[in-house]
Structures are given as C-alpha cells and as structure tokens.
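*Asks:* Here it is, the structure, as structure tokens.
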Amino acid sequence: MWEIFQTPELERALLIAMIAGPIMGLLGTFITLRGMAFFSDAISHAALTGVGLGVALHLAHDVYGPGMQLVLIVFCCIVGSMMAWLFERTSLRADTVIAFSYSGAVALGVILISQLKGYQSLEGVLFGEILFSSNQDVWMILALSAFVFAFLLLNMKALLLCVVHEDLARIAGIPIRKLNYSFVLVIALVIGFLLQQLGALLISGLIVIPAAASRMVATSFRQMLLLSAGFGLLAGVLGIAASAQLNLPTGPAIVLANVAFLMAAMALGAILGRGKLNRPSTSQLDRV
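The structure is reproduced here in structure tokens:
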C-alpha cells in the first residue's frame, strides 16, 4: 500500500494525517464527554466569516497562504472565547448560543466571500485541500500537536474531574473558569490551524467521530483515549490511501473512513454488550 504515497503531496498529506489524526481523537474524547461536539462545529463553520474578513480587509491575499491561516487562528479563538463568555454571562442555553453563532457566522461568511473576486475557492475552504500542504505546514502541525498533547497531559485529571463532577472539582481547588477558557482556546487553535487542510464542513467530524467510535467499545476512560487516537490515525491513513487509489476528494474520504470505524464500533459494541460508557467515575482518576 505504501507505494501509492510516493508523490511529495501525498507524503505530506500522510504525515499530517498521522500527526493530526491521533491528537484530534484525544481532544475529541474530552469534547464529547463534556457535550461540546456542536461547539467545535460552530467554531469551524464560523471560520467562513474569518476567510471573508481576511480577504476583504486585505489581511491575507491567498485563501491557502500562511496569512490566512493566522487570520483563521485569531478569528476562531475570538469566536470561541465569545461563545464561552455568553455561556457564562447570559441566561441563554448553550445550544441556543451555538445555534445563533453557527447560523449567523455562516450567513455572514457566505455573503462576504460571495462579494469577493475568486470566491469560487469556497469549495476548498469548505472541504479542505490537504494535498496543497507545504513542508512548513507539516512542521507547524507537528508543533501544534505537541502543544495540544502537553496541554491535555498536564490538565487531564482536572479536565476529567470537571466531567465527573464540577462542584467536586471546584472544592478541589481547580480553577474551573480558567480551565474552561483554556480548553475552548485549544479547540479553536486546532480548528484554526487545520481548517485549510481539512475544511470547515469536515474538521469537526474528524475531531468528534473517532471519540464517538471509541466510546462504543471502550470500557474505561483510558481505553477511550487510546482507541480515539488509534481510530484517528488509521482513518487518516486509510482515507488518504482510498483517495489516491480511487481518485476521491481527500477530506471527505478521511471522514468516510472515520464513519466506517464508527459503524464497525457500534456493531462490535452491540455484540459485546458495550457502548454504554458515559461519564468516567471518580475511581478512574487515579488510573489516568
């Protein structure tokens, strides 16, 4: 199978998938356990407005260049922080905040992009262009993954305790507000970094689906983490291989590989009587 990855474009795409896939799976574990799947979806779709603003304000001249990537990172962090602030400061339900942020940002983004020359590039923004990645992109995504892994490793017990019982975490002296904002910024950072490669419509699925699949078969939080990383890695490799062999769009092929793992995990979970891992228990904290 490896002979199909002989072109530089496919080699770089494979490296990015092998680096980003596991870290997105790990991040997705905490996102799904905290019920934030649609939060990551809202940020990724809101990034369309970031693309429109970046071009309209001449902050970036190329939709796929490093200037646009910086605009997307900053914009995603701002949107994520604003939604987190609204969760905290208003009486609106979280799903309501996500709904109007999602729909409003998408509408504004499409309007902005449609008024710009070259808006036909919208397809690439929506579905990603991982084959256009450069060597610099690979190194930057490697650095991003190392940072996210370090954040999750250092804050794993605190994040898990917040999932188990937020009041207990508060009693334990965990700075919940600071941790929540930090977690939101990490999600936004990952989406902003990878949106050009994976696409606004697809990136949330690549974060959430591996974690959902692992939840179907895992019997412990540790198993869920390991399986999420493994599913993210394998789906990335198989998706790119299928894309190269069958001449398919790369981003959607990776998503479909993830969906295939999810369906297989659901079937296996039903056979084994699993798929009922909800929130981790406090007894698992010492084993993390």
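Note that the sequence shown covers residues 945 to 1232 in this note's numbering.
Glycine is no exception: its CB is placed at the ideal position from the N, C-alpha and C atoms.
Predicted model only: the values in this text are computed from it and were never measured.
How is H1109 classed by DSSP in three states: helix, strand or coil?
*Replies:* Taking the sequence shown and counting its residues from 1, the one referred to as residue 1109 is at position 165. If DSSP states are grouped into helix, strand and coil, H1109 belongs with coil.
*Asks:* Using three-state DSSP, classify N1191 as helix, strand or coil.
*Replies:* Position 247 of the sequence shown, counted from the start, is the residue given in the question as residue 1191. Three-state result, N1191: coil.
*Asks:* Out of A1211, I1118, I1017 and E1032, which has the shortest C-alpha to C-alpha gap to V1161?
*Replies:* Position 217 of the sequence shown, counted from the first residue, corresponds to residue 1161. When each option's Cα is compared against that of V1161, the closest is A1211.
*Asks:* Does the separation of the CB atoms of A991 and L1139 fall below 8 Å?
*Replies:* Within the sequence shown, numbered from 1, the residue matching residue 991 stands at position 47. Within the sequence shown, numbered from 1, the residue matching residue 1139 stands at position 195. Cβ distance < 8 Å, so A991 and L1139 count as in contact.
*Asks:* According to DSSP, is L1003 helix, strand or coil?
*Replies:* Taking the sequence shown and counting its residues from 1, one reaches residue 1003 at position 59. In the structure shown, L1003 sits in coil (DSSP, three-state: anything other than H, G, I, E or B).
*Asks:* When the Cα atoms are used, what is the spatial distance from L954 to A961?
*Replies:* Within the sequence shown, the letter at position 10 stands for residue 954. Within the sequence shown, the letter at position 17 stands for residue 961. Each residue's Cα considered, the two are about 10 Å apart.
*Asks:* Put Q1140 into one of helix, strand or coil per three-state DSSP.
*Replies:* As a working note, residue 1140 is residue 196 in the sequence shown. Helix at Q1140.
*Asks:* Exposed or buried, E1110, counting other C-beta atoms within 10 Å across all chains shown (16 or more means buried)?
*Replies:* As a position in the sequence shown, residue 1110 is number 166, starting the count at 1. With fewer than 16 Cβ atoms within 10 Å of its Cβ, E1110 is classed as exposed.
*Asks:* Identify which residue in F1093, A1051, S1047 and A986 has its Cα closest to the Cα of C1020.
*Replies:* In the sequence shown, counting from the first residue as 1, residue 1020 sits at position 76. For C1020, the nearest C-alpha among the options comes from A986.
*Asks:* Alpha carbons only, please: which of G1213, P1119, T1040 and L977 is nearest the one belonging to I1151?
*Replies:* As a first step, residue 1151 must be located in the sequence shown, where it is residue number 207. Out of G1213, P1119, T1040 and L977, L977 has the C-alpha closest to the C-alpha of I1151.
*Asks:* Please determine, among G1217, A1179 and F1205, the residue with the shortest C-alpha to C-alpha distance to L958.
*Replies:* By one-based count along the sequence shown, residue 958 stands at place 14. Measuring from the Cα of L958, the nearest candidate turns out to be A1179.
*Asks:* Using the C-alpha atoms, what's the distance from N1191 back to L1133?
*Replies:* For the purposes of this step, residue 1133 is identified with residue 189 of the sequence shown, where counting begins at 1. For the purposes of this step, residue 1191 is identified with residue 247 of the sequence shown, where counting begins at 1. Answer to the nearest angstrom: the Cα atoms are 31 Å apart.
*Asks:* If I follow the unbroken alpha helix (DSSP H) through R1033, where does it start and stop?
*Replies:* Residue mapping note: residue 1033 aligns to position 89 of the sequence shown, counting from 1. Element bounds for R1033: P1010 to R1033.
*Asks:* Reducing DSSP to helix, strand and coil, say where R1114 ends up.
*Replies:* Start at 1 with the first residue of the sequence shown, and residue 1114 comes out as number 170. Looking at R1114 - three-state DSSP - the assignment turns out to be helix.
*Asks:* When you compare only the Cα positions, how much space is there between L1169 and M1012?
*Replies:* Here residue 1169 corresponds to residue number 225 of the sequence shown, with the count starting at 1. Here residue 1012 corresponds to residue number 68 of the sequence shown, with the count starting at 1. Their Cα atoms are separated by approximately 32 Å.
*Asks:* Between the C-alpha atoms of I1147 and R1114, what's the straight-line distance to the nearest angstrom?
*Replies:* The residue you call residue 1147 lines up with position 203 of the sequence shown. The residue you call residue 1114 lines up with position 170 of the sequence shown. Spanning the two alpha carbons is a distance of roughly 32 Å.
*Asks:* To the nearest angstrom, how far is it from the Cα of G1072 to the Cα of I1057?
*Replies:* Position 128 of the sequence shown, counting from 1, holds the residue named residue 1072. Position 113 of the sequence shown, counting from 1, holds the residue named residue 1057. Each residue's Cα considered, the two are about 16 Å apart.
*Asks:* Between the region 967-976 and the region 1087-1106, can you find at least three pairs of beta-carbon atoms closer than 8 Å?
*Replies:* Taking 8 Å as the limit for Cβ pairs, the verdict is that the region 967-976 does touch the region 1087-1106.
*Asks:* Going by beta carbon distance, what residues of the same chain come within less than 7 Å of S1089, once the five residues before and after it are set aside?
*Replies:* Within the sequence shown, residue 1089 is the residue found at index 145, counting from 1. Counting only Cβ-Cβ distances below 7 Å, and skipping sequence neighbours, we find I963, A964 and I967.
*Asks:* Does the beta-carbon distance from S1158 to S1172 come in below 8 Å?
*Replies:* Here residue 1158 refers to the residue found at position 214 when the sequence shown is read from its first residue. Here residue 1172 refers to the residue found at position 228 when the sequence shown is read from its first residue. Result yes, Cβ atoms of S1158 and S1172 sit closer than 8 Å.
*Asks:* Which word fits M1207, buried or exposed, when buried means at least 16 other C-beta atoms lie within 10 angstroms of its C-beta?
*Replies:* As a working mapping, residue 1207 is identified with position 263 in the sequence shown. Classification for M1207: exposed.
*Asks:* Taking the straight line between their C-alpha atoms, what separation do you get for F1031 and V1069?
*Replies:* Within the sequence shown, numbered from 1, the residue matching residue 1031 stands at position 87. Within the sequence shown, numbered from 1, the residue matching residue 1069 stands at position 125. Those two C-alpha atoms are separated by around 28 Å.
*Asks:* Excluding the 5 residues preceding and the 5 following F1247 in the sequence, name in chain order all residues of the same chain whose CB lies nearer than 8 Å to its CB.
*Replies:* In the structure as shown, the chain starts at 945 and stops at 1232, and residue 1247 therefore has no counterpart that could be examined.
*Asks:* How would you label H989, buried or exposed, when you count the other beta carbons within 10 angstroms and need 16 or more for buried?
*Replies:* Counting from 1 along the sequence shown, the entry for residue 989 is found at position 45. Buried, by the Cβ-count rule.
*Asks:* Would you call T1040 buried or exposed, if buried means 16 or more other Cβ atoms sit within 10 Å of its Cβ?
*Replies:* The sequence position of residue 1040 within the sequence shown is 96, counting from 1. The residue is exposed, with fewer than 16 neighbouring Cβ atoms inside 10 Å.
*Asks:* Counting C-beta neighbours from all protein chains within 10 Å, is the total for L1105 16 or more, i.e. buried, or is it exposed?
*Replies:* Mapped onto the sequence shown, residue 1105 falls at position 161. Under this definition L1105 is a buried residue.
*Asks:* Take I1022 as the anchor and find which of T951, V1130 and I1184 has the nearest alpha-carbon.
*Replies:* For the purposes of this step, residue 1022 is identified with residue 78 of the sequence shown, where counting begins at 1. Here the closest residue by C-alpha is V1130.
*Asks:* Between which residues of its own chain and A1214 is the CB-CB distance below 6 Å, once the five residues before and five after are set aside?
*Replies:* Against the sequence shown, residue 1214 aligns to sequence position 270. Result list for A1214: empty, nothing under 6 Å.
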